[in-house]
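Enquirer:
In this note's numbering, the protein residues as written are 8 to 244.
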């Protein structure tokens with residue numbers, strides 16, 4: 008099966024914890040430019056309560072902080088029932104291997120050494136969120152691509168987290184094309200796999216349903232490409 012590209016939604020939230028307020032503000036500014044929802048915190052003693060209320064998808068956590076350092080705080084996150092699965096990106100002024108090993112042993116997902124390039128911070132944050140989303144989708148059995156999430160179990164389809172109304176046939180049509188992302192599906196193949204019809208049934212049935220599916224997908228309908236004389240495929244640019 009072709010692996011579906013994962014698109015990080017601008018609705019993902021990131022909590023930044025660093026005892027340097029100026030650095031917090033800089034990081035938050037860069038994250039907000041990318042469309043992320045953010046919260047910042049300079050007092051690590053308030054971190055658990057703030058994180059529970061904010062419900063972040065990622066925590067960016069400084070290691071060297073007074074009173075409560077990032078390593079201890081990470082351990083606290085990992086035993087909290089609400090926060091234990093939230094990925095953590097450590098920021099540290101120390102680059103030695105022992106420091107990184109300690110962080111990974113506490114449950115960190117990645118490390119970034121200060122001073123850092125803002126582009127690398129954004130790239131690492133997106134990479135962690137992508138891995139986390141892939142893992143969640145794999146566990147749930149959901150398919151995701153280009154902002155479309157299809158849940159075979161609940162028989163629901165979401166576009167940018169908004170539920171759309173599809174008929175049973177439209178759902179099966181989209182399901183098949185998402186499973187076979189980027190591969191051309193002939194009209195005859197779609198008839199057999201979606202409608203369970205023999206190949207001598209009128210193939211214009213497929214064209215009509217694809218047209219209605221495109222309409223319901225809105226702007227995402229452009230991802231359903233016509234391959235002239237053959238059939239259709241779902242492509243994410």
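Yeah, the Cβ is synthetic: ideal placement off N, Cα and C, and Gly gets one too.
Source: prediction; values computed, not measured.
Could you say which of 80, 242, 122, 46 lies nearest to residue 229 if we only look at CA atoms?
Expert: Taking the chain shown and counting its residues from 1, one reaches residue 229 at position 222. Of the listed residues, the one whose Cα sits closest to residue 229 is 242.
Enquirer: For residue 192, does the three-state DSSP call read helix, strand or coil?
Expert: By 1-based counting over the chain shown, the position of residue 192 is 185. Here residue 192 sits in strand by DSSP.
Enquirer: Give the range of the beta strand (DSSP E) segment to which residue 21 is assigned.
Expert: As a position in the chain shown, residue 21 is number 14, starting the count at 1. Taken as a continuous stretch (DSSP letters only), the beta strand (DSSP E) holding residue 21 covers 20-24.
Enquirer: Three-state secondary structure (DSSP) at residue 123?
Expert: Here residue 123 corresponds to residue number 116 of the chain shown, with the count starting at 1. Three-state result, residue 123: coil.
Enquirer: Could you work out which residue in 202, 204, 34, 184 is closest to residue 233 when comparing CA atoms only?
Expert: Within the chain shown, the letter at position 226 stands for residue 233. Closest option to residue 233, Cα to Cα, is 184.
Enquirer: Given that a residue counts as buried once 16 or more other Cβ atoms are within 10 Å of its Cβ, and exposed if not, what is residue 23?
Expert: The sequence position of residue 23 within the chain shown is 16, counting from 1. Classification of residue 23: buried, given that the 10 Å Cβ count is 16 or more.
Enquirer: Taking the beta strand (DSSP E) that residue 105 belongs to, which residues open and close that run?
Expert: Residue numbering aside, residue 105 sits at position 98 when the chain shown is read from its first letter. For residue 105, no beta strand (DSSP E) encloses it; the enclosing alpha helix (DSSP H) starts and ends at 104-113.
Enquirer: Please name the residue or residues paired with residue 97 in a DSSP beta bridge.
Expert: The residue labelled residue 97 in the question sits at position 90 within the chain shown. Beta-bridge pairing links residue 97 to 68, 118.
Enquirer: Alpha carbon to alpha carbon, how far is residue 60 from residue 163? Give it in angstroms, no decimals.
Expert: Taking the first residue of the chain shown as 1, we reach residue 163 at position 156. Taking the first residue of the chain shown as 1, we reach residue 60 at position 53. Near 28 Å, if we compare the C-alpha coordinates of residue 60 and residue 163.
Enquirer: Skipping 5 residues on each side, what residues in its chain have a beta carbon closer than 6 Å to that of residue 167?
Expert: Position 160 of the chain shown, counted from the start, is the residue given in the question as residue 167. Within the same chain, residue 167 has close Cβ partners 154.
Enquirer: For residue 218, count neighbouring Cβ atoms within 10 angstroms of its own Cβ and tell me buried if that reaches 16, exposed if not.
Expert: One-based indexing of the chain shown puts residue 218 at position 211. Counting Cβ neighbours within 10 Å, residue 218 comes out exposed, since fewer than 16 surround it.
Enquirer: Can you give the Cα-Cα distance for residue 10 and residue 48, rounded to whole angstroms?
Expert: Mapped onto the chain shown, residue 10 falls at position 3. Mapped onto the chain shown, residue 48 falls at position 41. With a pLDDT of only 47 at residue 10, under 50, the local geometry of the prediction cannot be trusted, and no value is derived from it.
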